[in-house]
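For the sequence shown, the residue numbers in full-length UniProt numbering are 1 to 272.
One structure is given here, and the rest of the page talks about it.
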Amino acid sequence: MSLAAAAKRIVGKTILVTGASSGIGKSTALEFARNAPNNLKLILTARRVENLNELATQIKSEVGDGVKVLAVKLDISNPAEVRQFVPNLPEEFKEIDVLVNNAGLVKGVACAPDIAEEDINIMFQTNVTGLINMTQAILPIFKKRPDGGVGDIVNVGSIAGREPYSGGSIYCATKAAVRSFSDSLRKELISTRIRVIEIDPGQVETEFSVVRFYGDKSKADAVYNGVDPLTPGDIAEVIVFAVSRRQNVVLADALIFPSHQGGAGVIYRKPT
Numbered sequence: 001m002s003l004a005a006a007a008k009r010i011v012g013k014t015i016l017v018t019g020a021s022s023g024i025g026k027s028t029a030l031e032f033a034r035n036a037p038n039n040l041k042l043i044l045t046a047r048r049v050e051n052l053n054e055l056a057t058q059i060k061s062e063v064g065d066g067v068k069v070l071a072v073k074l075d076i077s078n079p080a081e082v083r084q085f086v087p088n089l090p091e092e093f094k095e096i097d098v099l100v101n102n103a104g105l106v107k108g109v110a111c112a113p114d115i116a117e118e119d120i121n122i123m124f125q126t127n128v129t130g131l132i133n134m135t136q137a138i139l140p141i142f143k144k145r146p147d148g149g150v151g152d153i154v155n156v157g158s159i160a161g162r163e164p165y166s167g168g169s170i171y172c173a174t175k176a177a178v179r180s181f182s183d184s185l186r187k188e189l190i191s192t193r194i195r196v197i198e199i200d201p202g203q204v205e206t207e208f209s210v211v212r213f214y215g216d217k218s219k220a221d222a223v224y225n226g227v228d229p230l231t232p233g234d235i236a237e238v239i240v241f242a243v244s245r246r247q248n249v250v251l252a253d254a255l256i257f258p259s260h261q262g263g264a265g266v267i268y269r270k271p272t
């Protein structure tokens, strides 16, 4: 089947993307819009709502009025905000079909016992608790549909959840938790038509490293010296591909590397 034909499967759907203000989330929103430009609803969430508004303008400029965009300021690490999220949605956006749990972050490269408590808390609250709370908020919408429920949950994990590395113990632990949650959820929903999809990127060039190094761009840039990392668009294409499969097909687990990467710590760098 052609990509254009597969894209028809997302036409008319309502898609929620968390962490959509930049990086993979932003690219995922754009990729969905480009594949269903005439009939689609996008709910985009992040803490930086001004970035979401800019993205909404970009989508309208690229594809026109066929894609309706709702930008929502949301900090998924705050359970109270997540609890109010669905009740506060406009009626036309409440029938969500796809949840892309993309919001996440990493802080620091410290090793125990020198890891800042604040960094531990925000990574777990965002990457784990926030993702789980968002899933629990949206899942009842899916489960009220026929055949035990219909919908897609896409959890963006990481190679870090499969292969822990020094200096990343907390981040790796959070992504391992996402992996376990995804696997358990898939088994719990086995009698339904709800698909649980995990997408685990390797090295991707986003704001990820800038956040990790507390805004130090020179340190962040050094992460990509001598390499050709994945782009956010590469991961967005895989997410849209997974969601646009036939209903009975679940791309349950995908690990995506750039060609120079063989593992979390196995990266070839061109000599400078």
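The beta carbon of each residue, even a glycine, is placed where N, CA and C say it ideally should be.
Model, not experiment: these values are computed from the prediction.
Local Cβ density within 10 Å of residue i, reported as buried at 16 or more and exposed below that
i	result
R195	buried
I151	Reading off the sequence shown, one finds Gly at residue 151, where the question assumed Ile. Buried is the call here.
T28	buried
I235	buried
E118	exposed
R246	exposed
Q84	exposed
R179	buried
V249	exposed
Q203	buried
T14	buried
T57	exposed
V240	buried
R212	buried
Q261	buried
D221	exposed
S21	buried
A4	exposed
I138	buried
I190	exposed
residue 274	Outside the shown range of the chain (1 to 272) lies residue 274, about which nothing can therefore be said.
T206	buried
residue 273	Nothing in the structure corresponds to residue 273, since the chain is present only between 1 and 272.
S184	exposed
Beta strand (DSSP E) segment containing residue i, residue limits
i	result
R34	Here R34 belongs to no beta strand (DSSP E); instead the alpha helix (DSSP H) covers 23-35.
D200	193-201
I43	40-46
N51	Element bounds for N51: not the beta strand (DSSP E) but the alpha helix (DSSP H), 49-63.
V238	Segment 232-243 is the alpha helix (DSSP H) holding V238; no beta strand (DSSP E) there.
L255	253-256
6 Å CB neighbourhood of residue i in its chain, flanking five on each side removed
i	result
S182	N155, V196, E198
K143	G149
D253	E198
L16	I43, I96, L99
N38	G66
V109	G167
T192	G148, G149
P79	N133
Y268	H260
G130	I76, S77
Segment limits, alpha helix (DSSP H) that includes residue i
i	result
G151	Per DSSP, G151 belongs to no alpha helix (DSSP H); it is in the beta strand (DSSP E), 150-156.
Q261	Where Q261 is concerned, there is no enclosing alpha helix (DSSP H), although the beta strand (DSSP E) it sits in stretches over 261-263.
N121	117-124
P140	131-143
R186	169-188
A80	79-85
Residues bridged to residue i [DSSP beta-bridge criterion]
i	result
A71	L44
V98	I15, D152
V266	G263
V204	L230
Cutoff 8 Å; reference residue i; Cβ partners in own chain excluding five residues on either side
i	result
S259	D228
E31	G233, A236, E237, I239, V240
A6	F241, S244, R245
C111	S166, G167, S169
A116	K107, G108, A110
Nonlocal neighbours in the same chain, by C-beta distance under 7 Å from residue i, ignoring five residues either side
i	result
Y165	C172, A264, G265
A160	G168, Y171, C172, K175, A264
K60	none
S158	K175, D200, P201
Cβ contact (3+ pairs, closer than 8 Å) linking the region 223-235 and the region 172-180:
Of all C-beta pairs linking the region 223-235 to the region 172-180, fewer than three are shorter than 8 Å, placing the two stretches out of contact.
Should the region 38-50 be called in touch with the region 68-84, which here means at least 3 C-beta pairs below 8 Å?
Verdict: yes, contact present.
If you pair each beta-carbon of the region 119-130 with each one of the region 93-105, do three or more pairs fall below 8 Å?
As far as the Cβ criterion goes, the region 119-130 touches the region 93-105, which means the pair count is three or higher.
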